[in-house]
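Going by my numbering, the first residue of the sequence shown is number 17, and it counts up by one from there.
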Amino acid sequence: MAHVGSTFKWALTGHDSVVFVVKAIRWGPFSYVEAESVNGGKRVQVPLRVVDQCIADGVLLDELAQSE
Numbered sequence: 017m018a019h020v021g022s023t024f025k026w027a028l029t030g031h032d033s034v035v036f037v038v039k040a041i042r043w044g045p046f047s048y049v050e051a052e053s054v055n056g057g058k059r060v061q062v063p064l065r066v067v068d069q070c071i072a073d074g075v076l077l078d079e080l081a082q083s084e
């Protein structure tokens, strides 16, 4: 589950991906996070379910890399 300070990699258009850090979690009118690129820049709003999935995918990739 995402929390303030969580990092996640999110694919952007053009097949680029950027690492973001969660700066705030908002619960209404729908659940989303405000995140900022680790390289700085404007904050973006991303649905919480997307961030949770990105974090879960990253954890699974980390576990696979460690098991090899």
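Just so it is clear, CB atoms sit at the ideal spot from N, CA and C, and this is done for glycine as well.
Model, not experiment: these values are computed from the prediction.
Name the DSSP bridge partner or partners of residue i?
i	result
residue 42	48
residue 37	23, 52
Which residue marks the beginning of the beta strand (DSSP E) containing residue i, and which one marks its end?
i	result
residue 62	60-63
residue 23	23-27
Helix, strand or coil for residue i? Go by DSSP, reduced to three states.
i	result
residue 18	coil
residue 67	helix
residue 74	helix
Contact defined as beta carbons within less than 8 Å: I believe residue i pairs with residue j. What is the distance between those atoms, to the nearest angstrom?
i	j	result
residue 61	residue 50	6 Å
residue 54	residue 35	5 Å
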